[in-house]
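For reference, the structure is listed below as structure tokens.
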Amino acid sequence: MLFFVSSVFLTTIASSTILVSTSPIFAMLFKKKIDPFIIMAILGIFIMNFNTSFGYILGNVLAILSAISFAIYTYFLSRLDYDSLSIIPIIYLISSIFMIPVLPFYGLGDINPISILAVLGLVLVPTLIGHGSVIYTANKLPISLVTSAELIEPVMATILAIPIFHQIPDTQELIGGTITLISIYFAFRR
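Numbering (full-length UniProt numbering), first residue to last: 1 to 190.
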């Protein structure tokens, strides 16, 4: 999560979320045979990131590290035999403990009613519903299905980034991102 949050500050929201959604590519690396669609997805990533400034490259690398971390995380979750509902609080507690040393670098920011509502929204939707669903299904469904379900995130994040942050994706991001998402979709439809 730290890689993802850091990447959002150093690249566009579209690039960050599309690159994080490449975790199915890295999840497929646990298989012996690499699908040609995965190679197409990697090509899409290169198109998306060709000719970007150094700041964007660093943000994009952090987003890819987030994707790799998520693939490894879901891979190990899929290998465990656990009661999904009992492990969710344990994972959140461990995550919170790991984030404490990072707090001095990021700070708390302004605490006001709007920021409190934003934090509550983040806790409810992406954390409890989104991440909780990943934990719940990781040992019940194939890892490829679990990781590919996150493909809706870059689409929604890019759409929301236009009015909220005034970040309009450029042609290169749209072409590369579309190739990446479609390739991942077809790789897991087989």
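Glycine included, C-beta positions come from ideal geometry on N, C-alpha and C.
Taking 6 Å as the limit between beta carbons, can you name the residues of its chain near residue i, skipping five residues before and five after?
i	result
Ser66	Phe3, Phe4 and Val20
Ala63	Ser7, Ser16, Leu19 and Val20
Pro154	Thr17, Ile18 and Ser21
Ala118	none
Ile13	Ala157, Ala161 and Gln167
Phe186	Phe37
Could you give the distance in angstroms between the alpha-carbon of residue i and the alpha-carbon of residue j?
i	j	result
Ala161	Thr11	12 Å
Ile175	Pro36	18 Å
Asn112	Phe30	45 Å
Ala138	Asp83	11 Å
Pro169	Ile68	24 Å
Asp81	Gln167	42 Å
Leu145	Leu124	23 Å
Gly109	Val102	14 Å
Glu150	Pro104	30 Å
Ile159	Phe165	10 Å
Val61	Phe98	21 Å
Among the candidates the options, whose CA atom is the shortest distance from the CA of residue i?
i	options	result
Ala27	Arg189, Ala71, Met1 and Ile94	Ala71
Pro89	Ile116, Leu128, Gly109 and Ile114	Leu128
Phe9	Tyr82, Tyr106 and Arg79	Tyr106
Leu141	Met156, Ile38, Tyr56 and Phe188	Phe188
Phe46	Glu173, Tyr136 and Ser23	Glu173
My assumption, with CB atoms under 8 Å, is that residue i sits in contact with residue j. Please give the rounded CB distance.
i	j	result
Met48	Gly177	6 Å
Gly44	Ile179	3 Å
Ile184	Ile25	7 Å
In chain order, what residues of the same chain have a beta carbon less than 7 Å from the beta carbon of residue i, not counting five sequence neighbours either side?
i	result
Ile100	none
Ile143	Ala27, Thr74, Tyr75 and Ser78
Ser115	Gly109
Check whether chain D comes within 8 Å of residue i, counting only Cβ atoms and requiring the distance to be less than that.
i	result
Ser7	The chain labelled as chain D is not found in the depicted structure, where only one protein chain is given.
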